[in-house]
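These notes are about the structure you will find just below.
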């Protein structure tokens, strides 16, 4: 399973690297972001994944050692068990602290996302109406040899704008109901 995740990660990183190598104006910002995320991922792995894998390897080693020396249990055996239990408890405490930190970060990000969403939805009714009902300058400057045709284009534009406005109001109402 670990190998499969590693291969998937490596493939994703190669695809991202290929994208960055193509070069674009925003690639420098993306490079910086990629570097920061890479450093954060490395720190996360060092603080969370590595201790667990190290503990796993230690426990495997101690288990194999105890199995080979199982004929002669003694005081060193009890001492080893105490060390193992102490190490397991230490890793559990580390993981609990990290999970609490991640939970706080998740809550903060959810709040930030909610704020952004609500700010995006807070657009006055007049602004929305102007977006839908305002005649675009391209349409106003349209040259047409037939004034009746130009007037009919304006009328059709208003009909379409009204239809879209009604549909938009329905969608907006549904979105507000969902966001509650």
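In the working numbering, the protein residues as written are 55 to 234. The beta-carbon is built from N, C-alpha and C at its ideal position, and this holds for glycine as well. The model shown is predicted, which means the values in this text are computed figures rather than measured ones.
Under three-state DSSP, which class holds residue i?
i: residue 197; result: coil
i: residue 188; result: coil
Rounded to whole angstroms, how far is the Cβ of residue i from the Cβ of residue j, which I believe are closer than 8 Å?
i: residue 138; j: residue 116; result: 6 Å
i: residue 152; j: residue 101; result: 6 Å
i: residue 220; j: residue 207; result: Residue 220 to residue 207, Cβ: 21 Å. No contact.
i: residue 141; j: residue 91; result: In fact, because the Cβ distance is near 31 Å, the residues do not count as touching under 8 Å.
i: residue 211; j: residue 189; result: 6 Å
i: residue 196; j: residue 204; result: 6 Å
i: residue 105; j: residue 148; result: 6 Å
Spatial neighbours of residue i within its chain, please: C-beta separation below 7 Å, excluding the five flanking residues on both sides.
i: residue 63; result: none
i: residue 96; result: none
Identify, in the order they occur along the chain, each residue of the same chain with its Cβ nearer than 6 Å to the Cβ of residue i, setting aside the five sequence neighbours on each side.
i: residue 88; result: none
i: residue 229; result: none
i: residue 191; result: none
i: residue 198; result: 204
Among residues of its own chain, excluding the 5 on either side of residue i, which ones have a beta-carbon nearer than 8 Å to its beta-carbon?
i: residue 65; result: none
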